[in-house]
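Beneath this line is the structure, given in structure tokens, with notes to follow.
There are 2 protein chains.
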Amino acid sequence: MNERGVADLGEFTFECGESIEHLEIAYETYGEYEPADGDRHAGNAVLVCHALTGSQHVARRPERGDGGNDDGSSDTAGQARAWWGDVVGPGKAIDTGEQFVVCANVPGSCYGSSGPPTEGPDGEPWGTDFPPVTVADWTRAQRRLLDHLGVGRLRAVVGGSVGGMNALDWAVQYPDDVDHVAVVAAAPRLDAQCLGLDTVARRAITTDPNWNGGDYYGDDRPDPDDGLAQARRIGHIMYLSKASMDGKFGRRSAGRGHGRESPDPAASFFPYRDVESYLDYNAERFVERFDANAYLYLLRAMDEYDAAAGYESDAAALGAFDGELLCLSFTGDWHFTVGQSEELAEAAREADVPVAHHVVDSDHGHDAFLVEPERVGPPLADFVADGVAGQAVTDTAESSDDGDEFAPVHTSLFGD
Amino acid sequence: MNERGVADLGEFTFECGESIEHLEIAYETYGEYEPADGDRHAGNAVLVCHALTGSQHVARRPERGDGGNDDGSSDTAGQARAWWGDVVGPGKAIDTGEQFVVCANVPGSCYGSSGPPTEGPDGEPWGTDFPPVTVADWTRAQRRLLDHLGVGRLRAVVGGSVGGMNALDWAVQYPDDVDHVAVVAAAPRLDAQCLGLDTVARRAITTDPNWNGGDYYGDDRPDPDDGLAQARRIGHIMYLSKASMDGKFGRRSAGRGHGRESPDPAASFFPYRDVESYLDYNAERFVERFDANAYLYLLRAMDEYDAAAGYESDAAALGAFDGELLCLSFTGDWHFTVGQSEELAEAAREADVPVAHHVVDSDHGHDAFLVEPERVGPPLADFVADGVAGQAVTDTAESSDDGDEFAPVHTSLFGD
Numbered sequence: 001m002n003e004r005g006v007a008d009l010g011e012f013t014f015e016c017g018e019s020i021e022h023l024e025i026a027y028e029t030y031g032e033y034e035p036a037d038g039d040r041h042a043g044n045a046v047l048v049c050h051a052l053t054g055s056q057h058v059a060r061r062p063e064r065g066d067g068g069n070d071d072g073s074s075d076t077a078g079q080a081r082a083w084w085g086d087v088v089g090p091g092k093a094i095d096t097g098e099q100f101v102v103c104a105n106v107p108g109s110c111y112g113s114s115g116p117p118t119e120g121p122d123g124e125p126w127g128t129d130f131p132p133v134t135v136a137d138w139t140r141a142q143r144r145l146l147d148h149l150g151v152g153r154l155r156a157v158v159g160g161s162v163g164g165m166n167a168l169d170w171a172v173q174y175p176d177d178v179d180h181v182a183v184v185a186a187a188p189r190l191d192a193q194c195l196g197l198d199t200v201a202r203r204a205i206t207t208d209p210n211w212n213g214g215d216y217y218g219d220d221r222p223d224p225d226d227g228l229a230q231a232r233r234i235g236h237i238m239y240l241s242k243a244s245m246d247g248k249f250g251r252r253s254a255g256r257g258h259g260r261e262s263p264d265p266a267a268s269f270f271p272y273r274d275v276e277s278y279l280d281y282n283a284e285r286f287v288e289r290f291d292a293n294a295y296l297y298l299l300r301a302m303d304e305y306d307a308a309a310g311y312e313s314d315a316a317a318l319g320a321f322d323g324e325l326l327c328l329s330f331t332g333d334w335h336f337t338v339g340q341s342e343e344l345a346e347a348a349r350e351a352d353v354p355v356a357h358h359v360v361d362s363d364h365g366h367d368a369f370l371v372e373p374e375r376v377g378p379p380l381a382d383f384v385a386d387g388v389a390g391q392a393v394t395d396t397a398e399s400s401d402d403g404d405e406f407a408p409v410h411t412s413l414f415g416d
Numbered sequence: 001m002n003e004r005g006v007a008d009l010g011e012f013t014f015e016c017g018e019s020i021e022h023l024e025i026a027y028e029t030y031g032e033y034e035p036a037d038g039d040r041h042a043g044n045a046v047l048v049c050h051a052l053t054g055s056q057h058v059a060r061r062p063e064r065g066d067g068g069n070d071d072g073s074s075d076t077a078g079q080a081r082a083w084w085g086d087v088v089g090p091g092k093a094i095d096t097g098e099q100f101v102v103c104a105n106v107p108g109s110c111y112g113s114s115g116p117p118t119e120g121p122d123g124e125p126w127g128t129d130f131p132p133v134t135v136a137d138w139t140r141a142q143r144r145l146l147d148h149l150g151v152g153r154l155r156a157v158v159g160g161s162v163g164g165m166n167a168l169d170w171a172v173q174y175p176d177d178v179d180h181v182a183v184v185a186a187a188p189r190l191d192a193q194c195l196g197l198d199t200v201a202r203r204a205i206t207t208d209p210n211w212n213g214g215d216y217y218g219d220d221r222p223d224p225d226d227g228l229a230q231a232r233r234i235g236h237i238m239y240l241s242k243a244s245m246d247g248k249f250g251r252r253s254a255g256r257g258h259g260r261e262s263p264d265p266a267a268s269f270f271p272y273r274d275v276e277s278y279l280d281y282n283a284e285r286f287v288e289r290f291d292a293n294a295y296l297y298l299l300r301a302m303d304e305y306d307a308a309a310g311y312e313s314d315a316a317a318l319g320a321f322d323g324e325l326l327c328l329s330f331t332g333d334w335h336f337t338v339g340q341s342e343e344l345a346e347a348a349r350e351a352d353v354p355v356a357h358h359v360v361d362s363d364h365g366h367d368a369f370l371v372e373p374e375r376v377g378p379p380l381a382d383f384v385a386d387g388v389a390g391q392a393v394t395d396t397a398e399s400s401d402d403g404d405e406f407a408p409v410h411t412s413l414f415g416d
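Going down the list, the protein sequences come from chains A and B.
Residues 1 to 416 (the UniProt record's numbering) are what the first sequence spells out, left to right.
Residues 1 to 416 (the UniProt record's numbering) are what the second sequence spells out, left to right.
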């Protein structure tokens, strides 16, 4: 009942105006689809949107023989593999025994959907000739995929990080198509600090000589691993918090002098610290699974995303949305802050969209949405089932008596 | 009455155990020296310690003809030139009409003191054969320079950022030699988040092929400008705050497509934002004035610094200190936090060192100590004059009734 595939969705015109003849989207589905039945029931289709370096592989696949991989183990290493296996699956918060879950690799990525590393019209990898992608392109590609799969109205769209921006974009682009939108650890747009860090991350790739203008495919050329590793190190720091880094690593040494051959003799007097070891280890694993051009493309899409683009405000962008909105944020997240989620919730209140802003107290930084399933699962489960009235769903507006922890919660400027 | 020079301090053994035959220290002095006179007066010598990429040139030099430079203009661009000209100078908080101010370029740097770019024993630049340096080496080199200049006891040592660590190290290494130590925007040690960012910054340099193991000197070889620029971009983000970056740049575009020849055709659909333009502009100016190896050396010294090294605690390290301590911190600073300054103040209280922790409310991030002279000057002036009893000096212990803004302020475990 779980399926995976690559759909050829035909010609696709990107937001930038460029087209490709065949947009291929790699996807997975979990569970059995029950369509909506007029007003009687909303159907059971849930679209899950992955984060920057995630894939269509959101949940564990217990069955063997599905392409040679056995992912039924506890192997959730890397966001490519069962990246939300503790939140999505049989008996999990998004229960694939009840819901029909679809997850698709976004265009521009490197897990089977059309993107820089896939074959272009000349038989060579696209590289940087692949059209620039935006979050809006991802949403439109998902809509096309769902049409292809025969899925109409969605019970829910759920996404974390830039996947949360993707989910939010559903409420703006397809306001009649989805009942419940859950925006997890995300924001209507990035702030200047994150834009700055992302631009440094991209520059790390484009200044790696092996990047070679994006043309590094083929066995005879080295990949821009140094640059991509640097970009990923910056990402990992953004995903953690000061508190979580101090807790995980402190100033502990992983041994004096560098563990591996150091290029820098003068460094050998100083310790190779746990924090550097962590960043190196994760960066090295990452370059094995991800494509440098895809990283550039997706990071740019995230930076460019602005919920209010083409509208006067976030509230105006949400004006036509017919469903309910959940903003789920984490106190230790400085990549996507509680304040930004509150701004989004405020906009929804202003637009008379039923909304709850559920704040999770966590030191885990942005990573919390991946590593704290026991806190993420209950509000998500109840929101998908019952909307903002769901039992485990809390809202900042309700708790505003307790103090001014977040941006001030005021009633709509435009009345009730 | 202002002087500049380079002192040959003879053989110097670094903390790492390596020696060099001739340690040269570039320095400047401002004002006339009045030595201490027993207990009757404390002398007027004030040592100012520069930050990571600063120089001996702390104040403006109004006189012309002092080596061909005319720095009497408002040119304070870059930390190399009159980097604290609004805090140190005639009539300023640290008044060179009254105090004798000494500022020295630290060993390992590149403004005239011995370091990687200076000539080694074989007549070639040292490069990475220069001994690794630590903050303790800086302090000992400064003590040697002051001996050379005939300066004994100091009225004050004042430093910001890693210069504040340097100032703090004076209280530990030379506890009888200084009356007032002002630690501005600094901490007893860096936290894991900053260590992580610094390691990425260093890796940017050492993965630049032009770095060439540190051997890039000479006109026939390119400098590792890309790597050093990347390191500096990361630094600039650390020196600003989320609020200051949103205020300065927001998401504004400096024009669609990159202002300069972009190496990346697929980027041209996206805006070149103000934040990227700022980081690029400053990085490009920085690589003209700073040496990549020196940046590696000084960043490592900062990362390695730990006030409690060799002691059981910060309080134990301060146990012999005979003078008074000012911790000056800034609410928007996430590089060196208010909490870290409070920890240091707590340690001083525990060690019965007279201390004041003066917190400046500022959105300017770590840069505040450079860009808010009107808030930095008054407490510094009064502290240098009158110690912690100085009129403009406030202390968190006094204001602890107002709420629990900082780490809890409790009385010493060992006190009365």
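Just so it is clear, CB atoms sit at the ideal spot from N, CA and C, and this is done for glycine as well.
Collapsed DSSP secondary structure at residue i in the structure displayed
i                     : result
residue 396 (chain B) : coil
residue 191 (chain A) : coil
residue 274 (chain B) : helix
residue 19 (chain A)  : strand
residue 27 (chain B)  : strand
residue 43 (chain B)  : coil
residue 143 (chain B) : helix
residue 57 (chain B)  : coil
residue 299 (chain B) : helix
residue 119 (chain B) : strand
residue 269 (chain A) : helix
residue 153 (chain B) : coil
residue 175 (chain B) : coil
Whole-angstrom C-beta distance between residue j and residue i, which should lie under 8 Å
i                     : j                     : result
residue 27 (chain B)  : residue 102 (chain B) : 6 Å
residue 393 (chain B) : residue 326 (chain B) : 7 Å
residue 283 (chain B) : residue 205 (chain B) : Contact flag wrong, Cβ pair sits at about 12 Å.
residue 31 (chain B)  : residue 1 (chain B)   : 6 Å
residue 106 (chain A) : residue 84 (chain A)  : Rounded, the Cβ-Cβ distance is 15 Å, inconsistent with contact.
residue 185 (chain A) : residue 369 (chain A) : 4 Å
residue 330 (chain A) : residue 161 (chain A) : Contact doesn't hold; Cβ gap of about 11 Å is too wide.
residue 9 (chain B)   : residue 144 (chain B) : 5 Å
Inter-residue spacing [alpha-carbon to alpha-carbon] between residue i and residue j
i                     : j                     : result
residue 6 (chain B)   : residue 112 (chain B) : 7 Å
residue 294 (chain A) : residue 355 (chain B) : 53 Å
residue 300 (chain A) : residue 109 (chain A) : 12 Å
residue 152 (chain A) : residue 43 (chain A)  : 9 Å
residue 239 (chain B) : residue 338 (chain A) : 23 Å
residue 93 (chain B)  : residue 375 (chain B) : 10 Å
residue 360 (chain B) : residue 125 (chain B) : 43 Å
residue 123 (chain B) : residue 214 (chain A) : 42 Å
residue 141 (chain B) : residue 11 (chain B)  : 11 Å
residue 288 (chain B) : residue 324 (chain A) : 54 Å
residue 348 (chain A) : residue 305 (chain A) : 18 Å
residue 180 (chain A) : residue 41 (chain A)  : 14 Å
residue 364 (chain B) : residue 223 (chain B) : 32 Å
residue 34 (chain A)  : residue 100 (chain A) : 7 Å
Closest residue to residue i among the options (Cα-Cα distance)
i                     : options                    : result
residue 246 (chain B) : A:251, A:269, A:196        : A:196
residue 270 (chain B) : A:286, A:132, A:388, A:171 : A:132
residue 170 (chain A) : A:199, A:11, A:320, A:248  : A:320
residue 241 (chain B) : A:266, A:194, A:268        : A:194
residue 297 (chain B) : A:93, A:266, A:385, A:297  : A:266
residue 156 (chain A) : A:182, A:172, A:148        : A:182
residue 307 (chain B) : B:275, B:277, B:130, B:189 : B:189
residue 97 (chain A)  : A:81, A:104, A:61          : A:61
> Fully enclosed by the stretch 306–388 of chain B, which alpha helix (DSSP H) runs are 4 residues long or longer?
Replying inline: With a minimum length of 4 residues, the continuous alpha helix (DSSP H) runs that stay inside the stretch 306–388 of chain B are 314–317, 338–350, 368–371, 373–386.
> Unbroken alpha helix (DSSP H) runs of length 4 or more, entirely within the stretch 76–102 of chain A: which are they?
Replying inline: At a cut-off of 4 residues, not a single continuous stretch assigned as alpha helix (DSSP H) sits fully inside the stretch 76–102 of chain A.
> For the stretch 191–267 of chain B, which segments carrying the alpha helix (DSSP H) assignment without a break, of at least 4 residues, lie completely within its bounds, in sequence order?
Replying inline: Here the runs fully enclosed are 192–206, 225–239, 242–248.
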